[in-house]
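Following: one structure in structure tokens, then a few remarks.
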Amino acid sequence: MGGGRRSLTVKWLAGICGMVFVGAGNAAGVTARGLYLAGGMIAENAELVRWLVTGGIWLVGGVLTAVIYALGAAIGRIDVLEMWINSLDTAVRNRDQN
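For the sequence shown, the working numbering gives the first residue as 11, with consecutive numbering after it.
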């Protein structure tokens, strides 16, 4: 992959990671609520457990998504720096040949 494509791919993976964690948080929260209600827990407490589970998974997903996105941005900057160094090296070599 080229420099720009690699960075963009990592950023897309970050977005997909975020969507997966949102869906997983919703599913896990609803499942936890259902399990607590089936176990005889009070409905208000089951709702609290649902949102604690959902919010916890969303929080982990948000942090992981931000880290992966930052990695993609860093890859893009490193690729630009590498191209700049290569062009500078070429300019110095051309100057030395003349």
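Even for Gly, the Cβ is constructed at its ideal location relative to N, Cα and C. Bear in mind the structure is a predicted one, so any value in this text is a computation, not a measurement.
Neighbourhood of residue i by C-beta distance below 7 Å, restricted to the same chain and skipping five residues each side
i	result
ILE85	ARG16, SER17 and VAL20
The alpha helix (DSSP H) enclosing residue i, as first and last residue numbers
i	result
GLY65	53 to 107
Candidates the options, of which the one nearest residue i by Cα
i	options	result
GLY66	THR100, VAL102, ALA48 and ALA37	ALA37
MET29	ARG103, ALA76 and GLU54	ALA76
CYS27	LEU69, ALA53 and GLY39	LEU69
Cβ-based burial, residue i [other Cβ within 10 Å; buried from 16]
i	result
GLY71	buried
ASP63	With the sequence shown as reference, residue 63 is identified as Val, and Asp is not the correct amino acid for it. That one is buried.
ALA80	exposed
Other residues of its chain near residue i: CB distance less than 8 Å, five sequence neighbours each side excluded
i	result
THR100	none
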